[in-house]
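The sequence shown: position 91 = 91 (UniProt numbering), numbered continuously.
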Amino acid sequence: QVQVRERQVQVRERQVQVRERQVQERDKYKRERQVQERETSTRERDKYKRERQVQERETSTRERERERSTRERQVQERDKYKRETSTRERDKYKRERQVQERETSTRERDKYKRERQVQERETSTRERDKYKRERQVQERETSTRERDKYKRERQVQEGELKESILCVWLMQIYGQPLGKV
1 QVQVRERQVQ VRERQVQVRE RQVQERDKYK RERQVQERET STRERDKYKR ERQVQERETS
61 TRERERERST RERQVQERDK YKRETSTRER DKYKRERQVQ ERETSTRERD KYKRERQVQE
121 RETSTRERDK YKRERQVQER ETSTRERDKY KRERQVQEGE LKESILCVWL MQIYGQPLGK
181 V
C-alpha cells in the first residue's frame, strides 16, 4: 500500500511537471505568435490580440485553479497517508476526535440550554411587565369612563329632579301644568 501511494504521488508530481512544460511551451508559442502578429494588418492584429488575451486569461486562470486544487489534493492525501501509516496513531487520533466531538457537542448543548433559559426568563419577564402595564392602562381607562358615565348620569338625574321639583312648585303656585305657564 505504501508503494502504491508513493507511486500515486510520483505520478501526480509528473503530471504537475507536464503541465509546467505545457505552460512553458504555450508561453514560447505566444512569443512566436506575437512576432507574427506584428507583421499582420493593424486592425486584424488588434482584434486577434484582444481575443487572444481573453482566451489566455481564461485558460491561465483555469490552469492555475487546476494546479492549485491538484496541489491541495496532494497535500491532503499526504497528510491522510501520514495519519493512516500507523494503526495505533490512527486509533488514537480517532479516539481523540470522538472525545473532542463529544465534549464540543456537550458544551454546545449546555450553552444552548443556558441561553434558552435566559431568553425564556427575559421573555416571560417582558411579557409579564407588558401585561401589567396594559392592565393598569385598561383599569385607568375603565375607571375614568365609569366615573365620567356615573357623573353624567348623576347630572341627568339631578337635572330631572330639579325640573320635577320646579314643575310641582310652579303647579302649586299657579295651579296649572308647567307647559301652560
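Ideal placement from N, C-alpha and C gives every residue a C-beta, glycine not left out. Predicted model only: the values in this text are computed from it and were never measured.
Rounded to whole angstroms, the gap between the alpha carbons of E39 and R78 is 50 Å.
Every candidate beta strand (DSSP E) stretch fails here, since none sits fully inside the UniProt region "Disordered" (1-159) while reaching 3 residues.
A check of alpha carbon separations from K82 across V9, I173 and Q172 identifies V9 as the nearest. Rounded to whole angstroms, C167 and R128 show a C-alpha spacing of 57 Å. Proximity to K80 across Q172, I173, R5 and I165 peaks at R5, based on C-alpha coordinates. For the pair R97 and V75, the Cα-to-Cα distance works out to about 21 Å. Approximately 7 Å separates the beta-carbon atoms of V23 and E63; this is inside 8 Å, confirming the contact. Each of I173, Q17 and E158 was checked against the Cα of R71, and the nearest Cα belongs to Q17.
Ranked by Cα distance from R66, the options V118, Q119, I173 and R19 are led by R19. When only Cα atoms are considered, T144 and E122 end up about 33 Å apart.
The beta-carbon separation of E37 and K28, rounded to 15 Å, does not stay under the 8 Å limit for a contact.
Straight across, the Cα-Cα distance linking E108 with Q117 is about 14 Å.
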